[in-house]
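Quick note on this note's numbering: the sequence shown kicks off at 40 and runs consecutively.
C-beta: ideal position from N, C-alpha, C; glycine also.
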Amino acid sequence: MNAKRKILEKIVRVDQAGEVGAQQIYEGQKLVFKILKNKKDYDQVSHMAIEEQEHLDYFNELAKKESIKSTKM
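This is the structure in structure tokens:
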């Protein structure tokens, strides 16, 4: 495996893991805002989570295309 491939794999794994983590953070925030009945912030965080899902989908597709295994979590 060449050096560029190793770097690509590391970058994709880190970015993909970060997006998974971001989704979990947003789910926690949404739960808190739901409990607090704070619709405005719940809606804002929900919108942000959708954008992050797009990022996660991108890195999942890139990992699949490049045959890169995801980080085990």
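Quick check: His94 and Ala61, are their CB atoms within less than 9 Å of each other? yes
Rank Gly67, Ile46, Gln92 by C-alpha distance to the C-alpha of Tyr81 and give the top, closest one. Gly67
So, with DSSP's three-state summary, where would you put Ser85? helix
Going by C-alpha to C-alpha distance, which of Val53, Val84, Lys103 sits closest to Leu70? Val84
Decide if the region 42-55 is in contact with the region 93-108; the criterion is three or more beta carbon pairs, one per stretch, under 8 Å apart. yes
Going by alpha carbons, who is nearest to Tyr65 out of Thr110, Asn41, Met87? Met87
Is it true that the CB of Val59 sits closer than 9 Å to the CB of Ile134? Because residue 134 is not part of the residues shown, which for the chain are 40 to 112, the question remains open.
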